[in-house]
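As they're listed, the protein sequences go chains W and A. Residue 10 in the numbering used here sits at position 10 of the first sequence, with consecutive numbering throughout. Residue 1038 in the numbering used here sits at position 38 of the second sequence, with consecutive numbering throughout. Presented below is the structure to which this report refers.
There are 2 protein chains.
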Amino acid sequence: MTDETENSGSDVAGNSRNYGFNGQFRYSLDEKGRVAIPAPFRRGVVAADDIDSFQLTVGFDNALFAFPYEYWREVVERQINNLSVMEARARSFTRAIFSNAVTCKPDKQGRITIPPNLRRYARLDSEVVIAGVYNRLEIWAAEIWEEYERLTLDRFEEVVEDFDIRF
Amino acid sequence: MTDETENSGSDVAGNSRNYGFNGQFRYSLDEKGRVAIPAPFRRGVVAADDIDSFQLTVGFDNALFAFPYEYWREVVERQINNLSVMEARARSFTRAIFSNAVTCKPDKQGRITIPPNLRRYARLDSEVVIAGVYNRLEIWAAEIWEEYERLTLDRFEEVVEDFDIRF
DNA sequence: TAGAGCTACCCACAATTACCCACAATTCCC
DNA sequence: GGGAATTGTGGGTAATTGTGGGTAGCTCTA
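Below you can see the structure in the form of structure tokens.
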């Protein structure tokens, strides 16, 4: 573990009643392209007993999104399933989503291997931040993450106002 | 294996509970016109025990589509079956789809042979990308694929908005 | 019917990957 | 505070995968 962005996260994520991933974790991407899944997120993803996998895909803001497999399955069934192959934009979307996705099952050490095309998309080289964001994990290049946080965290209060969130 | 668009794909795709093909793989088309089927896609296509074949056809955007045989059979029965021979456009469509199709069974090494007319259609020469796109594989000439991805992946976020996909 | 060309099937090998073990550092818990 | 468990990271090995090539059988032609 490196020490700049120390790791923090709730263990409640392991609970099956867990309501959302949270915390941020900094890891190194090793020579084989492997990165650790934050320990609190490893358990509680299991749907059927041999599927404790994540669906890893391209996401927004140069990050990768990783969904619990079962959740991903629902999204596909409810939303992507009924897009028509006949429509060019729908094809383009479906292609992007699926061809840039991997179903990955953590190894015994809790790591996943990120394929080269996804590494490229997210500009990952050696330092990586994994953030828990409600229903997904986000995998960022550490530098990009830090820059992003620096820019947006200042404006947190403004943003909350925009959305009229009532705590 | 070449190294620019390295291969990526999930092994869970082999699972019968698999929900859709995904990942992208780069292969070389050999002198005999053979190309490897991505390993994760080889298993789990079996319907009856001697039918572990793909139906290979002309697809959209200069790509070839390959469907698991059983899935193809359903599509034909449910949809193509009730097109009328009386309608010129329907005839043309049916002709194109069937006359440019092959049922192909991977050899012991997991390769299929792509017939010349399909190679021509998809402008395949030596470098090929095979993408898993939900219910089908797509076979592209590597250059065309890269160009296509370059154009569409940037616009990914817009497209998601357009389709109002909620993760 | 013999030969030429083609195709399907098999073997072989190099490169890559997946899986397992090990260990140090950190965290947890009494 | 100290021992035990967990966690992050590196590396080794066996299995898988990608790719080239050979041969037998088939088809088509002369």
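Note that the Cβ used here is the ideal one computed from N, Cα and C, for glycine as well. Here the structure is a predicted model, which is why all the values come from computation and not from measurement.
When the five nearest sequence neighbours on each side are left out, the beta carbons in the same chain lying within less than 6 angstroms of the beta carbon of A:Leu1118 are those of Leu1064, in order along the chain. Runs of alpha helix (DSSP H) with 4 or more residues, each lying fully within the stretch 80 to 143 of chain W, are found at 88 to 99 and 116 to 121, listed in chain order.
For W:Ala36, the enclosing beta strand (DSSP E) stretches over residues Arg34 to Ala36. When only Cα atoms are considered, W:Leu153 and A:Arg1150 end up about 31 angstroms apart. With a threshold of 16 other beta carbon atoms within 10 Å, W:Arg111 meets it and is buried. Just so you know, the alpha carbons of A:Leu1137 and A:Gln1055 end up roughly 10 angstroms apart. Scanning its chain for C-beta atoms nearer than 6 angstroms, with the 5 sequence neighbours on each side dropped, one finds around W:Pro115 the residues Val102, in chain order.
Taking a cut-off of 8 angstroms on C-beta distances, the stretch 1057 to 1072 of chain A does not touch the stretch 1157 to 1164 of chain A, as fewer than three cross pairs fall below it. In this structure, A:Asn1022 sits away from A:Trp1140, with a CB-CB distance that is not shorter than 9 angstroms. In this chain, the alpha helix (DSSP H) harbouring A:Ala1039 covers Ala1039 to Arg1042. In this structure, the beta-carbon distance from W:Ile130 to W:Arg26 falls below 9 angstroms. Counting the other CB atoms within 10 Å of its CB gives A:Gly1020 a total of 16 or more, which places it among the buried residues. Selection W:Ala39, W:Leu29, W:Thr113 and W:Gly33 evaluated against W:Gly132 yields W:Ala39 as nearest (Cα-Cα). DSSP places A:Val1058 outside any alpha helix (DSSP H); the residue lies instead in the beta strand (DSSP E), whose first and last residues are Phe1054 to Val1058.
Restricting attention to A:Tyr1134, A:Asp1052 and A:Glu1127, the CA atom closest to the CA of W:Asn82 is found in A:Tyr1134. In the displayed model, A:Leu1029 falls within coil according to three-state DSSP, outside both helix and strand.
Not a single CB atom of chain W sits nearer than 9 angstroms to the CB of A:Tyr1071.
Assignment of A:Phe1163 by DSSP, reduced to helix, strand and coil, places it in the helix class.
Inter-residue distance for W:Ile97 and W:Trp72 is about 11 angstroms (C-alpha atoms, whole angstroms). Close partners of W:Arg89 in chain A (Cβ separation under 9 angstroms): Val1159, Asp1162 and Phe1163. Beta-bridge pairing by DSSP links W:Leu64 to W:Val58 and W:Ile139.
For W:Arg73, the uninterrupted alpha helix (DSSP H) run begins and ends at Tyr69 to Val75, by DSSP.
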